[in-house]
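**Q** Below is one structure. I have some questions about it.
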């Protein structure tokens, strides 16, 4: 059965992780302003999954339990699954204006499904069965998952073993009879504190780096884990605010990432899905990329849809929504949104099973990467166009809190007025809303999130058969009748 | 049965159109250097259609005759047809490095299939049957067709009726018992002289402009028709060359367009598919755009594949194919190619039947337009990257004709050498080949061909539901728990 | 004598304006966190002016009083003055990372010097003498000034007289024997509350709009004036912070703008420099643009210098400062900075006296506009490159406040470490610093500030002699020996 | 005395170089269509130098002979000289639409003035005096010079000594009592065959590569020299044309480069200015870059002026010159032109003497490079905008030769008509003119000419003091009161 948001809230009530934001200990996930937003967003994944209008997009049938489950816990078994997942991503960002928090978890589950299958095929049998058991547990309870991927890494010029501190990549420091002990950290983890489970999987490691080749599942707030939440200006603003309704995205806020530190965290064997098999780390990373990156495009297209809508509203309220140069701005936003969406859509449709026989489907790598690269560039174009449309109040708007005083309210409503049939309060709020998206960390997040663009560009290069292109060129250049 | 290139050559032998290029009368289509190229290209459409490897891409089954026919004469009846057509387009440009010449004809046939169906549904019965009969004729002989769309238009600020010359839009000057008489011209017609049939269809006209609302089919070299071929530098170069092997694209040359003048050309009724029904011109134009524009992307991606291959060759011969900045150049070319391809692919897959019930499928208009807009910008990026990779010889290469003299040959092979294991003759030819694509009219053709970008941008704007986006933005901006 | 920052602080102590930020009344300009930053910045203009190293850039000699004065109160009398002013702008942004607050005031004084001169020359004598007297007053005390230019404007499709509220453009509601009474507002006013004087001047108005054609000087906190400060996330963050050292720009913060409302504000005649002379409003606006806009480039180049420096620091601490793709990122930042600077530099050097005989020099309009347009586009490129260099911690960095607890400090210093010889505390602070510039409202401010890009583009078009270019083209195209 | 074009023509009559184009021996430089154009252009440098309107731009006073000489032979001795040289460059491209042919020569003379001075200062005395004597000779006769810089280089991954053929870099194969003997080639040499003298100077070489460190002067057509002219499509078109008036740039054609092969060419000592002093090659290269590259911007801006003028003409004749999107296109062209011009202007004005004491002035390297990089990108933007403005006839225009037949003339003038008050013949010619600039090798030439962009970008990086920027960033990021 698809989980409900009520069930999710109930579970969250039980979580008491060691977590800090802005120098303060988080007392209650459900009421702390910086965690409430991400909990609202994860709750929205359950809410939409229970909405019959979105059943095809938001849910799937588990082949292991037969349950109807959230698609975010589904192992993609077909092209249609791949397509529906990107529609889910766009729908979620359209519906919340922020990261759904579970996307990485979905990628992690899919990557491990493929990787443990590959190990099993090669005779390393213990992990796949364990993973499937774990998956059934997830499906049965429709738990929310997050992926723990990127270690802090320290000095990028040096391999893990040459770092001044060996813990700069998460590692196994002890193997016990009942499980393993982890030390290190995972960085940039979106919404980790708001989910039920963290799916840990490794980057690509070489022989001699066995201690770093670890995949497992860790429950929210496991002993030894500390969460340090990001603290951008908008996080600080929300923390300090007396009325979240006056913020740019009242309910869902901005993307909330965190550094998750593992101080000798114990993981029992039944939750361990790789333990030293460096040979499979490259496959795992590639699988994760193929399942994850193509969602970056729809994710940003969803933001872009909101930016487009807000821009339209503000253009109207400025009286300029038919001006030729404003129309061109709309076109720039639309182009950026749909270009990245299109690449992702093709990535899904040209997806393939990997490894063959596993039944796990992954998006095409080249179009995935392309979608992400187009999303990066596109988002900055979207920001320019939106700023151009909105004009100065995008950044010079006073706080809506001023409206609580009748005298100041009168002055602001008088002087911030646009087209007279559009309520000035709505206009103010929409400026704040747009500000949240285009005068904020969003673009930098878009650029950096999901992997360094340099590596993605090189993946596009390496994934392209240049010899075949050379053959085509030769055949015409040296052609004769 | 799919036609063969031999049959095509045989038919061409019979065509003696009144045609001029560079101030000279064309004496023989098959031997004139400026028409031979486009005939080779059209012939290639038949050759590949007869090649079993490409059967699925290049051919289809005619529902009217049951014949296996060239896909370029096929009325798209499914999403798969739409997808296969774009693969055909990329395959053809990869295989010839130029316009296949029949793409517009295919678009014209599809547009008229839909338009005549719509008229029939509204009780204007004569055209559809006639058109189907004509289509059967085309299918039975697998004739090659070209579309005659754009009138010269004169002063763009004025409607047809206010032009200083009423003939600046092609028009019906007389309706007779046995047919109609046309006067005017169609501009920018690619390969028109190399095909069997020209499919004439109108732009969008308003009430009072009935004389311009004409669709019909005119055979190659019909009485009263004069063809004026374009004369770019590369056309002149080919005309003057003693050895086409030394040219950039030896067999297929560059895109060859022409101005086709109609001096009182008679068309019998059985070949007339619209005659004054201005109400249907908008549908016809939209259908043509939906079937045509999404092929611009794959077309340029095919060129881009050749440019990529040539760039790879030249980077190797310069010894720089692993330099980091050259890899980034490759990535720019790949990104441009695949981005426009991706948009087109989605256009095909999101295609729909129009009008409902007609059985005729058209690509999605928004993604079609996007593909074209991305192709435009992308091609200039491709050109920059290719120039960056190739270096100076891209434009400073002496003529290969010098090699015919042993002394000059020795000097040139000595001093134009790159990596020593790559033959200098091949290097020279590849520079010329790349020059043909990136130091040439190709980019301007890409930009302009298929319709003014301004109108396409506006189509993207008009095709996007901004109210829906506004609703999404409002729902989050004004959201509360 | 050039003023000192101590004198400035002394004056500020006396100002008790009616001002609001984030819903709260500002009690003390010197201690309120959201005004302290802009006061620090204005103070910096005095500090640097008193620093002998910067004398040539920061000061000038008043031709009216013979005093050495701040260049920000100087009427440019030569090309060198124009050049030094742009160097001042870049020096100030390099030194504070924010708007110096007095740049607009300087533009306003220069615009009024030219406009009142023009009126005098046409026989409207009273204003120029008055303005010079006022200028002497400013020079004698080296007061800081700000420009009040842009009215809220309401619905942009309608002229002032057709707005639903006539006050949406600032207007004279009464002329008395001793002065005039103003009603309305000025929007987007940077640092207005931190300066001694506001220089009010009009946009361009037409006959019939005399009430809006008003220029005058209003002291800080004049009776009837209310200031509503902007409230972006970073303003909120600062307001809530316990330790400004942990913020991105500790001392100077972000650009602080405000809406300044005039509720029947009385201005005595000796401070009125235009009162109904609509004919001169166009000149005034043009003069303001010519003196102001060319400073947008150096202003953003100064920010860019800081971003470049921070990026270099972070690239080093990531261990990636020699990676080829990171070098390319540095080049992108450098190019953007120096391209906009170069256009501004030419604008200064091609400056001219306006009106002839006035002795007032203005930068060339075309290159001014170009500098601004290049700054707009450039800043987004800078942001992309900086995000690319910095990587994820740019937006996922926890608060430096965590370091106050020894245990959390140990964990964060361990896991946020980069190259081991670079202190992690510095690394954390530099991430926050860079975040302040490139994951923030800065780009949107750059885009919008100084006038709508559309109008600037049209100014570039109108300022270019296309007929002359046509003549050049004709002369070659139709040339013969 | 400034030379006249008549004197120049007279000298050219005497030149009988061994030169080939398109596989044919050039018989007469003055009548061969592919050399006549570059001779016309060089002649234009003399013509404008004799025109009193352009005296300040086109001429200077020789400090060595006291003569008024062409500025293209002048050793820049001041900032004003640097500024005037860039004005000369823009004037020449505005006046001819092509490379003036003498720009490189001017750079070579300036580079050698500085380099020989540096050697003399270090006690290597023979070269400077010789060079000054040579310069006096040039000044006395006002000869035209060209620079021979770039050797073919073969495989770029290998140094000269590891090439499969040691001659792939021009080298001294023998030192005799009376002079030296050279073997090798120089590539991409613009207009070399149309000038009086070739100024040979080296790239940067290291110890052990003494044979390649050679600078000298070689007269046109010296024994042992063979010229291989480039053969782009437009070269071929011109070669074949019966009426050059129908070509895009009737008199001056396109840039004409050539490969110049040195088969054991003897150079007497009085013309040798460096012979093995590898230590000075880096200075020489840097000097050449500093004097040359900043002219790339004005050169392309001059082309851009012509493109702008032609676009304006065609927009008018299409009736679209006031359409909002066309105005934006104009702005794009203007922005590109003036942005690159501005960077160059600053490069000139921030120029410095090098070496100190030499009296030779060079443009600032960073702004020079920036000008060139902006020119590269800008030219592609210009091409897009021009194509957008012009529309399809830009590439589909039939040959003007058709007009020689009355019947065809009537048809073409009827159907190619635009706005009725603009002669269709002019319209046709202007389309051909614009085609010559934007559907041609011009952009690739702009991109590649003057050095590989990668090296220029790295020069910008290396020329920027990133440590100083880091210091600025630190000072604010870590600032406290």
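Chains as they are written, first to last, in this note's numbering: chain A, 794 to 1274; chain B, 794 to 1274; chain C, 794 to 1274; chain D, 794 to 1274. C-beta: ideal position from N, C-alpha, C; glycine also.
On a Cα-Cα basis, can you pick out the residue from 997(D), 1009(D), 834(D) that is closest to residue 974(D)?
**A** Nearest option by C-alpha distance: 1009(D).
**Q** Can you pull the chain B residues whose beta carbon is under 8 Å from the beta carbon of residue 1117(C), in chain order?
**A** Here the neighbours are 1117, 1118.
**Q** Taking residue 1113(D) as the query, report the chain B residues whose CB atoms sit under 8 Å from its CB, ordered along the chain.
**A** Under the 8 Å cutoff, chain B gives 949, 950.
**Q** Verify the CB distance criterion: does residue 1127(B) have a CB-CB separation below 7 Å to chain A?
**A** With 7 Å as the cut-off, residue 1127(B) counts as an interface residue toward chain A.
**Q** Checking the sheet assignment: what are the DSSP bridge partners for residue 1120(A)?
**A** Beta-bridge pairing links residue 1120(A) to no other residue.
**Q** Could you please give me the residues that DSSP links to residue 1019(D) through a beta bridge?
**A** Answer by DSSP bridge pairing, in chain order: 811(D), 1054(D).
**Q** Determine the DSSP secondary structure at residue 952(B), reduced to helix, strand or coil.
**A** Note: residue 952(B) maps to coil in three-state DSSP.
**Q** Taking a contact to mean a Cβ-Cβ separation below 7 Å, would you say residue 1098(D) touches residue 1265(C) in this structure?
**A** Yes, these two residues count as a Cβ contact at 7 Å.
**Q** What is the C-beta distance between residue 1102(C) and residue 1262(D), in whole angstroms, given that I count them as a contact (C-beta under 8 Å)?
**A** Residue 1102(C) to residue 1262(D), Cβ: 3 Å. Contact.
**Q** Just checking: is the beta-carbon of residue 1043(C) within a distance shorter than 7 Å of some beta-carbon in chain D?
**A** Closer than 7 Å to some Cβ of chain D, the Cβ of residue 1043(C) qualifies, so yes.
**Q** Throw me the rounded Cβ distance for the residue 963(A) and residue 927(A) pair, which I believe falls under 8 Å.
**A** Contact flag wrong, Cβ pair sits at about 19 Å.
**Q** Is the CB-CB distance between residue 976(B) and residue 1057(B) below 7 Å?
**A** In contact: residue 976(B) and residue 1057(B) (Cβ atoms closer than 7 Å).
**Q** Have a look at 1007(D), 1059(D), 1150(D) and flag the residue whose alpha-carbon is nearest the alpha-carbon of residue 972(D).
**A** Nearest of 1007(D), 1059(D), 1150(D) to residue 972(D), Cα basis: 1059(D).
**Q** Below 8 Å on the Cβ atoms is my guess for residue 885(A) versus residue 1041(A); work out the distance and round it to an integer in Å.
**A** Contact doesn't hold; Cβ gap of about 18 Å is too wide.
**Q** Express the C-alpha separation of residue 991(C) and residue 936(C) in angstroms, rounding to a whole number.
**A** The straight-line gap from Cα to Cα measures roughly 11 Å.
**Q** What is the DSSP secondary structure of residue 1007(B), counted as helix, strand or coil?
**A** Of the three classes helix, strand and coil, the one that applies to residue 1007(B) here is strand, per DSSP.
**Q** Below 8 Å, how does it come out for the segment 1229-1238 of chain C and the segment 1103-1121 of chain D: are there three or more Cβ pairs, yes or no?
**A** Not touching, per the Cβ criterion.
**Q** Are the C-beta of residue 1055(C) and some C-beta of chain A separated by less than 7 Å?
**A** So, not an interface residue.
**Q** Does any residue of chain C bring its CB to less than 7 Å from the CB of residue 1223(D)?
**A** True, the Cβ-Cβ gap to chain C drops below 7 Å.
**Q** Report back the beta-carbon spacing between residue 895(B) and residue 865(B) to the nearest angstrom; my notes put them in contact at under 8 Å.
**A** Right, the Cβ-Cβ distance comes to about 4 Å (below 8 Å), so this counts as a contact.
**Q** Give a yes or no on contact between the segment 1175-1187 of chain B and the segment 1148-1155 of chain A, applying the rule of three or more CB pairs nearer than 8 Å.
**A** Result no; under three Cβ-Cβ pairs closer than 8 Å.
**Q** Give the list of continuous beta strand (DSSP E) stretches no shorter than 3 residues that lie fully inside the segment 1062-1141 of chain B.
**A** Listed in chain order, the complete beta strand (DSSP E) runs (minimum 3 residues) inside the segment 1062-1141 of chain B are 1065-1068.
**Q** Start and end of the alpha helix (DSSP H) containing residue 1177(A)?
**A** Element bounds for residue 1177(A): 1158-1183.
**Q** Listed from N- to C-terminal order along the chain, which residues in the segment 877-897 of chain A have their beta-carbon within a distance smaller than 8 Å of any beta-carbon of chain B?
**A** Those residues of the segment 877-897 of chain A that come within reach of chain B (Cβ to Cβ, closer than 8 Å) are 887, 888, 889, 890.
**Q** Just verifying my parser: in three-state terms, what is the DSSP assignment at residue 966(C)?
**A** Note: residue 966(C) maps to strand in three-state DSSP.
**Q** Could you name the residues of chain B that residue 1326(D) contacts, counting a contact when the two beta carbons are closer than 7 Å?
**A** Lying outside 794 to 1274, the shown extent of chain D, residue 1326(D) is not represented and no answer is given.
**Q** How about residue 1074(D) and residue 903(D): are their beta carbons less than 7 Å apart?
**A** Against a cut-off of 7 Å, the Cβ pair of residue 903(D) and residue 1074(D) comes out as no contact.
**Q** Measuring CA to CA, which of 1217(D), 1129(D), 1212(D) is closest to residue 1113(D)?
**A** Closest option to residue 1113(D), Cα to Cα, is 1212(D).
**Q** Using a C-beta cutoff of 7 Å, does residue 1252(B) count as contacting chain D?
**A** So, not an interface residue.
**Q** I need the straight-line Cα distance from residue 817(C) to residue 1209(A), nearest angstrom please.
**A** Approximately 19 Å, taken between the alpha carbons.
**Q** According to DSSP, simplified to helix, strand and coil, what is residue 981(B)?
**A** Here residue 981(B) sits in strand by DSSP.
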